[in-house]
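>
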Amino acid sequence: MLDLKLVRDKQEEVEAALARRNGGFSVTELIEVDVALRKVQGDWERLNQRTNEITELFKSGKLPAAEMSALREETKSVKQTRETLEASKAELEERLSKIRLSIPNIPDPSVPDGTDETCNTQVSQWGTVPAIANPKHHYELGSNLNVFDFTRGVKLAESRFTVLMEMGAKIERALMNFMLDSHSRRGYHEVFPPILVNRQCMMGTGQLPKFEGDFYKCADDELYLVPTAEVPVTNLYRDEVLEEQDLPVYHCAYTPNFRREAGSAGKDTRGYIRQHQFNKVELVKFCLPEHSNEEHEKLTRDAELILEALELPYRRVILCAGDLGFSAQKCYDLEVWFPAQDKYREISSCSNFGDFQARRANLRYRPADGGKPRYLHTLNGSGLAIGRTLAAILENYQQPDGSVRMPDALAPYLNGVTLLTPSQPK
RNA sequence: GGAGAGGUGUCAGAGUGGUCGAUUGUGCAGUCCUGGAAAGACUGUCUGCGUCAAAAGCGCAGCGAGGGUUCGAAUCCCUCCCUCUCCGCCA
405 MLDLKLVRDK
415 QEEVEAALAR
425 RNGGFSVTEL
435 IEVDVALRKV
445 QGDWERLNQR
455 TNEITELFKS
465 GKLPAAEMSA
475 LREETKSVKQ
485 TRETLEASKA
495 ELEERLSKIR
505 LSIPNIPDPS
515 VPDGTDETCN
525 TQVSQWGTVP
535 AIANPKHHYE
545 LGSNLNVFDF
555 TRGVKLAESR
565 FTVLMEMGAK
575 IERALMNFML
585 DSHSRRGYHE
595 VFPPILVNRQ
605 CMMGTGQLPK
615 FEGDFYKCAD
625 DELYLVPTAE
635 VPVTNLYRDE
645 VLEEQDLPVY
655 HCAYTPNFRR
665 EAGSAGKDTR
675 GYIRQHQFNK
685 VELVKFCLPE
695 HSNEEHEKLT
705 RDAELILEAL
715 ELPYRRVILC
725 AGDLGFSAQK
735 CYDLEVWFPA
745 QDKYREISSC
755 SNFGDFQARR
765 ANLRYRPADG
775 GKPRYLHTLN
785 GSGLAIGRTL
795 AAILENYQQP
805 DGSVRMPDAL
815 APYLNGVTLL
825 TPSQPK
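In terms of our numbering, the first sequence is residues 405 to 830.
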């Protein structure tokens, strides 16, 4: 949610910044409604003032009977006018909040121009792409190694659900623990939040109201399956005021994630890359506004360290303004190398939201000097998407005979298993 | 799921329908006192919106949420939500 005062004072700058996104957002209607609302509110407040005056007169004690009934009459008419005003006030407020909730965040000045993902630019690159002759896809390798059972996943749910079998299940669990342990060592406090969250949470981080159809929702309860741990973890401190000295706050969390939209693109119809349900370890930060850029770099670095520990080649790209997510003001994607696809694929997305989510979720901190509460800044990033990590390991660590080595970093988590071979018993 | 209790300011906890943004205690900040601290004394200490260049000031709103009664509601009535306790059912 944008700062209304900023929009009022710097309409043209805001509009120009929003124009860098796709979709042509305008704030003219917002301004109109805001002006109208403030006028109605002023009128309404003056009526309240009069009502309060009349109440005072009654309180003072003995009023002549004639005056009392005159005042009663006046209150009646004031009440009528007020009801009319209240109706339009409510309508304007509704419109205003609807508009505000549907306008995305302003791209940071350091975000490059561009219309879509083809305009994203590489910032850095790590590792060397392995030389593999005729690399197999992760889903071929994984099926042969009894890591994935795609067919039964569909039987149990529907397409884009997969059963992890045997070592598949174990590696997934190992990755989860490895990631959480690594981040914990770097100061991220681990939490394990509810997987179902209420509507307010989804509004707070910006998933709703705009993308209603993208999520799984309970039929009989106002609850949603989380599309990312970002939602519950960012909402941990919703409607709270943190102390400045407690900032920054770092959290890491594992959750499964559920996304309906995952199938709509028609991409990655095979394999384990794009599922309706997938596991992820998420990093979330709350910090002072003046530190969020620096914290963003550090957070992205913390996600990269997981890829480096697993020795997976990757690159960092900065998203152009047109590809930026709704709530983000700046975002780096980490893309891991997939040999069989012969390209880098997204495995982490690290965003700085500025105060956009903080306004929606009412996340504030009390300055150390005791001043008024201010909105803090929120950030998050995948650290990492576990399923894609598993897929990337299969492809990058594959051997010519169809077996797959395991990354050294996972050794403590795999009970000594260092190699997956097709002959492995079921 | 059944029965009961309750939702007020950092917390605890008052509040005959008007004098309540709200007693008091506690916490916090400042001043005094002290060699220093504790204790004690005093003062201050909620948030949002509007007005204003800004601050002060002023106005409006807020006692879980939403309605109703009334000249006037934290206080009365209705609906909803949430929390707690006991029972049941379970992991």
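Every residue, glycine too, gets a C-beta built ideally from N, C-alpha and C.
This one's a predicted model, so the numbers in the text were calculated from it and none came from an experiment.
(1) Could you pull the DSSP bridge partners for R720 from this structure?
(2) For A725, which residues from the same chain have a beta carbon less than 8 Å from its beta carbon, with the 5 sequence-adjacent residues on both sides left out?
(3) Could you check how far apart the C-beta atoms of L783 and F760 are, in whole angstroms? I think they sit under 8 Å.
(4) Using the Cα positions of E495 and N639, report the straight-line distance between them to the nearest angstrom.
(5) When DSSP labels each residue in this structure, what does P829 get in the three-state scheme?
(6) Would you mind sorting Q649 into buried or exposed? The rule is 16 or more other CB atoms within 10 Å of its CB.
(7) For F730, collect the residues of the same chain with a Cβ closer than 6 Å to its Cβ; drop the 5 residues on either side in sequence, then sort them by chain order.
(8) Mark H593 as exposed unless 16 or more other C-beta atoms lie within 10 angstroms of its C-beta, in which case mark it buried.
(9) Roughly how many whole angstroms lie between the Cα atoms of E686 and C523?
(10) Nearest by alpha-carbon distance to V551: which of A535, R577 and L560 is it?
(11) DSSP three-state label for N784, please.
(12) Assuming V418 is part of the alpha helix (DSSP H), what are its boundary residues?
(13) V740 and V688 look like a contact to me (Cβ under 8 Å); what is the Cβ gap, rounded to whole Å?
(14) Report, in whole angstroms, the separation of the C-beta atoms of M606 and N683, which I expect to be a contact under 8 Å.
(15) Rank C656, N452, T455 and L568 by C-alpha distance to the C-alpha of P597 and give the top, closest one.
(16) My guess is that P534 and P826 are in contact by the Cβ rule of under 8 Å, so how many angstroms apart are they, rounded?
(17) The beta strand (DSSP E) that contains E750, what's its start and end?
(18) On the three-pair Cβ rule with 8 Å, is the stretch 745 to 753 touching the stretch 785 to 797?
(19) Consult DSSP for L406 and reduce its assignment to one of helix, strand or coil.
(20) Which complete alpha helix (DSSP H) runs does the stretch 528 to 556 hold, if anything under 4 residues is left out?
(21) Have a look at S501 and D438 and give me their C-alpha separation to the nearest angstrom.
(22) Within the same chain, show all residues whose beta-carbon is closer than 8 Å to that of Q828, passing over the 5 residues directly before and after it, in chain order.
(23) Using 10 angstroms around the beta-carbon of L406, count the other beta-carbons present and answer buried if the total reaches 16, otherwise exposed.
(24) Taking DSSP as the reference, what is the three-state secondary structure of R792?
(25) Can you tell which of E490, A813, V808 and S473 has its C-alpha closest to the C-alpha of R442?
(26) Within this structure, are the beta carbons of I677 and R768 separated by less than 8 Å?
(27) At the level of alpha carbons, what is the spacing between E457 and A765?
(28) Would you grab the beta carbon distance between T453 and V721 for me? Rounded to a whole angstrom, and I think it's under 8 Å.
(29) Suppose the cutoff is 6 Å on Cβ atoms and the five residues either side in sequence are ignored; what does the same chain contact list for E521 look like?
(30) Is it true that the CB of W530 sits closer than 8 Å to the CB of Y801?
(31) When DSSP builds the beta bridges, which residues end up paired with F429?
(32) Any idea if P361 is buried or exposed, counting beta-carbon neighbours within 10 angstroms, 16 or more meaning buried?
(33) For the putative contact between L651 and C691, defined by C-beta atoms under 8 Å, what is the C-beta separation to the nearest angstrom?
(34) Please report the distance separating the alpha-carbon of H680 from that of F565.
(35) A633: which of W448, A421, I790 and V418 sits nearest, CA to CA?
(36) With a threshold of 16 other CB atoms inside 10 Å of the CB of L560, please say whether the residue is buried or exposed.
Taking the geometry as given:
(1) According to DSSP, R720 bridges with S528 and L738.
(2) Cβ contact annotation for A725 (same chain, cutoff 8 Å, sequence separation greater than five): R424, R425, P511, V515, P516, D517 and G518, in chain order.
(3) Not a contact, Cβ separation roughly 11 Å.
(4) For the pair E495 and N639, the Cα-to-Cα distance works out to about 28 Å.
(5) For P829, the pLDDT reaches just 48, beneath the cut-off of 50, and the residue's location in the model is therefore unreliable, although a value from the coordinates is still provided. Taken through DSSP and simplified to helix, strand or coil, P829 comes out as coil.
(6) Counting the other CB atoms within 10 Å of its CB gives Q649 a total below 16, which places it among the exposed residues.
(7) Cβ neighbours of F730 beyond the five flanking positions: P508 and G610.
(8) By the 10 Å Cβ count, H593 comes out exposed.
(9) Roughly 26 Å between the two C-alpha positions.
(10) Comparing Cα positions, the closest option is R577.
(11) N784: strand per DSSP, three-state reduction.
(12) Where V418 is concerned, the enclosing alpha helix (DSSP H) stretches over Q415 to A423.
(13) The pair is not a contact, with the Cβ atoms about 22 Å apart (cut-off 8 Å).
(14) Contact flag wrong, Cβ pair sits at about 20 Å.
(15) For the residues C656, N452, T455 and L568, the minimum Cα distance to P597 belongs to C656.
(16) Wrong, their Cβ atoms sit about 20 Å apart, outside the cutoff.
(17) K747 to N756 is the extent of the beta strand (DSSP E) around E750.
(18) By the Cβ rule, the stretch 745 to 753 counts as touching the stretch 785 to 797, because three or more pairs are nearer than 8 Å.
(19) The answer is coil: DSSP assigns L406 none of H, G, I, E or B.
(20) As far as the stretch 528 to 556 is concerned, its whole alpha helix (DSSP H) runs of at least 4 residues are 542 to 548.
(21) Straight through space, the alpha carbons of D438 and S501 are spaced by roughly 10 Å.
(22) Unreliable placement is indicated for Q828, whose pLDDT of 48 sits below 50; the coordinate value is still reported in the next sentence. Here the set comprises L549, N550, E570 and M571.
(23) Looking at its Cβ environment, which holds 16 or more other Cβ atoms inside 10 Å, L406 is buried.
(24) In the structure shown, R792 sits in a helix (DSSP, three-state: H, G or I).
(25) With distances taken between Cα atoms, R442 lies closest to E490.
(26) With contacts defined by Cβ atoms closer than 8 Å, I677 and R768 do not form a contacting pair.
(27) Between the C-alpha atoms of E457 and A765 there is a straight-line separation of about 37 Å.
(28) Residue identity check: residue 453 is Gln in the sequence provided, not Thr. Contact doesn't hold; Cβ gap of about 57 Å is too wide.
(29) D727, listed in sequence order.
(30) When the beta-carbon positions are compared, Y801 and W530 stay at least 8 Å from each other.
(31) According to DSSP, F429 bridges with nothing at all.
(32) With the chain covering only 405 through 830, there is no way to say anything about residue 361.
(33) 5 Å between Cβ atoms; contact.
(34) Taking the straight line joining both Cα atoms gives about 6 Å.
(35) Checked all of W448, A421, I790 and V418; the closest Cα to A633 is I790.
(36) Exposed.
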